[in-house]
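The sequence shown begins at 0 in numbering that gives the first Met the number 0 and counts up by one. Think of the CB as a built atom: it goes at the ideal place given N, C-alpha and C, for glycine as much as any other residue. All of these numbers come straight from a predicted model, not from anything done at the bench. Let me begin by presenting the structure, written as structure tokens, before commenting on it.
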Amino acid sequence: MARLLTKKEVEQIKEVEAQIELLKKQQQKYKQEILKRMQSTGLKKVEIDDVTFTVKEAFERTDLDKKKLEVDFPELVKKYSKTTQVAESLLIKL
């Protein structure tokens, strides 16, 4: 069986994934710091150049427990379920 990817390509993918993870962590730190500053000054929305920062208030969300609903009312789940087409994609697990 021919090799799909070279070892170098796999290493490059791993490096990009690590960089993305690092950038996501940095983004979270920046967002937390900006949120703290906005909360301390009472600002809800700030526009700087072409960037808008908006505080989204905390809220409660109510979800359905689908597993429990399937056990208790399987016919309702079947009746109200809908199928959605999902495009093919590639999952990379490191």
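Inset, instruction - Give me whichever residues DSSP pairs with residue 45 in a beta bridge. - result: 52
Legend entry - N-terminal and C-terminal residue of the alpha helix (DSSP H) that residue 2 is part of: Premise fails: residue 2 is in no alpha helix (DSSP H) and is neither H nor E.
Inset, instruction - Return the CA-CA distance between residue 19 and residue 13, expressed in angstroms with no decimal places. - result: 10 Å
Legend entry - Helix, strand or coil at residue 10 according to DSSP, with G and I counted as helix: helix
Legend entry - Inter-residue spacing [alpha-carbon to alpha-carbon] between residue 7 and residue 43: 47 Å
Legend entry - Limits of the alpha helix (DSSP H) - the one that residue 68 falls within: 65–71
Legend entry - Cβ pair residue 37, residue 50 closer than 9 Å: no
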